[in-house]
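Just below is one structure, and these are the notes that go with it.
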Amino acid sequence: MRPGGQPNLQQLMKQAQKMQQQIADAQAELAETEVTGTAGGGLVTATLAGTGEVLAVKIDPKAVDPDDVETLEDLVLAALRNGTEAVRALTEEKMGPVSGGMGGLGLPGF
Numbered sequence: 074m075r076p077g078g079q080p081n082l083q084q085l086m087k088q089a090q091k092m093q094q095q096i097a098d099a100q101a102e103l104a105e106t107e108v109t110g111t112a113g114g115g116l117v118t119a120t121l122a123g124t125g126e127v128l129a130v131k132i133d134p135k136a137v138d139p140d141d142v143e144t145l146e147d148l149v150l151a152a153l154r155n156g157t158e159a160v161r162a163l164t165e166e167k168m169g170p171v172s173g174g175m176g177g178l179g180l181p182g183f
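Below, the structure is given as structure tokens:
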């Protein structure tokens, strides 16, 4: 802080640029990371990118019962939800330390 309570704008800009780079680095790391969600004890697995994009769904033949399609549908949905939760946790882990510091700058929305 400068005399009179005014923030040093040059210092704030440097901090903002540093955080912007940290966010870009974290986003790039998330895009390269894959997480797996499972259901039914591994009968169904869903692989998602750290960005949340679904990359693959694998279904063990043991989970396929033509007379009980609803259970398979539930397992696929559960695996996708499990994978989505893993993406959320990963995003929080990677972005939390970076975006958490923005509150100190008084930036709205952070």
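For the sequence shown, our numbering assigns the number 74 to the initial residue and increments by one for each residue that follows. Where a beta carbon is used, it is the ideal one built from N, C-alpha and C, also for glycine. Quick caveat, the model's predicted, so the values are computed rather than measured.
DSSP-derived helix/strand/coil call for residue i
i, result
"GLU143", "helix"
"VAL137", "coil"
Unbroken alpha helix (DSSP H) run spanning residue i, endpoints
i, result
"GLU105", "82-105"
Nearest-angstrom Cβ-Cβ length linking residue i and residue j, presumed shorter than 8 Å
i, j, result
"GLY110", "ALA159", "6 Å"
"ALA99", "VAL171", "6 Å"
"ALA122", "ALA104", "6 Å"
Between the CA atoms of residue j and residue i - distance to the nearest angstrom
i, j, result
"ALA136", "LEU145", "6 Å"
"GLY182", "ASP141", "Note that GLY182 has pLDDT 45, beneath the 50 cutoff, so the model's placement of it is unreliable and no number is given."
"LEU150", "GLN93", "35 Å"
"GLY177", "LYS131", "Note on GLY177: pLDDT 45, under 50, position unreliable in the model; the coordinate value appears next. Near 44 Å, if we compare the C-alpha coordinates of LYS131 and GLY177."
"LYS91", "LEU148", "43 Å"
"PRO80", "LYS167", "29 Å"
Limits of the beta strand (DSSP E) - the one that residue i falls within
i, result
"THR124", "THR124 -> no beta strand (DSSP E), and no H or E assigned at all."
CB contact check: residue i to chain D, cutoff 7 Å
i, result
"ALA112", "Checking the listed chains, one finds no chain D in this structure; it contains a single protein chain."
Any chance the stretch 115-122 sits against the stretch 77-95, with 3 or more Cβ pairs inside 8 Å? At 8 Å Cβ cutoff, the stretches do not touch.
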